[in-house]
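**Q**
Numbering (this note's numbering), first residue to last: -11 to 198.
1. Under the three-state reduction of DSSP, which class applies to residue 34: helix, strand or coil?
2. Using alpha carbons as the reference points, say which of 35, 143 and 176 lies closest to residue 183.
3. Terminal residues of the continuous beta strand (DSSP E) containing residue 170?
4. According to DSSP, which residues form a beta bridge with residue 58?
5. Consult DSSP for residue 41 and reduce its assignment to one of helix, strand or coil.
6. Taking the CB atoms as reference points, tell me whether residue 148 and residue 175 lie closer together than 9 Å.
7. Quick check: the Cα distance between residue 118 and residue 140, rounded to an integer number of angstroms?
8. Can you give me the C-alpha to C-alpha distance between residue 103 and residue 50, rounded to a whole angstrom?
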């Protein structure tokens, strides 16, 4: 009768155990790498979404600033008299403070519309051009149209809030009989990411100073 060498059995068992441990280490390394890759992709996606939101918020401020600057330059001679726009034309609507910056592709111009009363209003929706003039494909904008042509809906929404700055430095919806010296502009952008509602706010104060 043949007898097995105990030392040989021990070496075989040890070899099997080492193989199992090695496989476990390899699998752990692969899973760790996969988790790191997924985490990096998620972080990259989050950063891209936030960058778009920041740019949209900045753009809302710039729309208001450009309208103020245009008002300064919009003068004409009427009956031999120089007639100029008020510096805050189109930037106020009584006590309304919530508005949407709208883009008209036909005139290639921006306007501020006070119809929206919250960021859930249809005019707060941000669209992305997906066809038409190649120069504008990918551009993001808001529209008074329910469904603008050549565009797809994004998950972003934007409103701007415009409060009057009075000569006594108070910030209110309307200065009333007091002198208005500036406007506090807040551009608010919200979007949904993986089931969470996120928001970014940019603020600037525009004054009637040339």
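Ideal Cβ positions, reconstructed from N, Cα and C, are used throughout, including at glycine.
**A** In brief:
1. Of the three classes helix, strand and coil, the one that applies to residue 34 here is helix, per DSSP.
2. Checking every option, the nearest Cα to that of residue 183 belongs to 143.
3. Per DSSP, the unbroken beta strand (DSSP E) holding residue 170 starts and ends at 168 to 181.
4. Looking at the DSSP assignment, residue 58 forms no beta bridge with any residue, so it has no partner.
5. Residue 41 sits in a helix when the DSSP states are folded into three classes.
6. At the C-beta level, residue 148 and residue 175 come within 9 Å of one another.
7. Taken atom to atom, the span from the alpha-carbon of residue 118 to that of residue 140 is near 6 Å.
8. When the Cα atoms are used, residue 103 and residue 50 turn out to be separated by approximately 20 Å.
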